[in-house]
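Numbered according to numbering that gives the first Met the number 0, the sequence shown terminates at residue 91, and the numbering increases by one at each position without gaps.
No residue lacks a Cβ here, since even glycine has one placed at the ideal position from N, Cα and C.
Treat the numbers as computed from the prediction; the structure is a model and nothing was measured.
What follows is one structure encoded as structure tokens, with my remarks underneath.
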Amino acid sequence: MSELHHEVSELERKSATAARLFDIRRIIGGLFAVYGVIVTIAGVTASDADLEKAQGININLWTGLAMLALGVFFLVWLKLRPLIPPPAGPAE
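Structure representation (structure tokens):
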């Protein structure tokens with residue numbers, strides 16, 4: 000019985016790890032952070048012709064910073080409020 004209990008607890012631990020790994024906040028936050036960095040770099044390196052097309056507003060820079068802020072928000076939210084899997088119900 001002790002071996003069975005050990006196997007069940009090991010599977011629960013693996014399930015909790017998988018649930019944390021595939022938390023949607025991690026995926027959304029990571030993607031927004033990566034794309035935010037890329038778009039921010041595009042905004043920093045924008046030419047005068049690009050700025051003229053956007054009527055003098057560096058839209059890539061502002062959009063990139065907003066995306067980066069949103070990505071950081073999701074990742075901080077994930078860190079502050081981690082996902083806790085529901086307790087296992089009684090076995091039938």
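Problem set entry | Reduced DSSP secondary structure (H/G/I, E/B, other) of D22 | In the sequence shown, the residue the question calls residue 22 occupies position 23. Looking at D22 - three-state DSSP - the assignment turns out to be coil, as it is neither helix nor strand.
Problem set entry | Between the CA atoms of L64 and A32 - distance to the nearest angstrom | Locating residue 32 in the sequence shown gives position 33, counting from the first residue. Locating residue 64 in the sequence shown gives position 65, counting from the first residue. One C-alpha to the other measures close to 9 Å.
Problem set entry | Endpoints, alpha helix (DSSP H) assigned at T44 | Walking along the sequence shown from the start, residue 44 turns up at place 45. Per DSSP, T44 belongs to no alpha helix (DSSP H) and is neither H nor E.
Exercise. Would you say the stretch 55-62 touches the stretch 25-42, given that touching needs at least three Cβ pairs under 8 Å?
Worked result: yes
Exercise. Near I27, which residues of its chain fall below 6 Å by C-beta distance, leaving aside the five closest residues on each side in sequence?
Worked result: The count along the sequence shown starts at 1 and reaches residue 27 at position 28. Here the set comprises F73.
For this session: Compute the distance between the beta-carbons of R24 and L67, then report whether it is under 9 Å.
Result: Sequence index remark: in the sequence shown, residue 24 carries index 25 (1-based). Sequence index remark: in the sequence shown, residue 67 carries index 68 (1-based). No, the pair does not count as a contact, with Cβ atoms beyond the cut-off.
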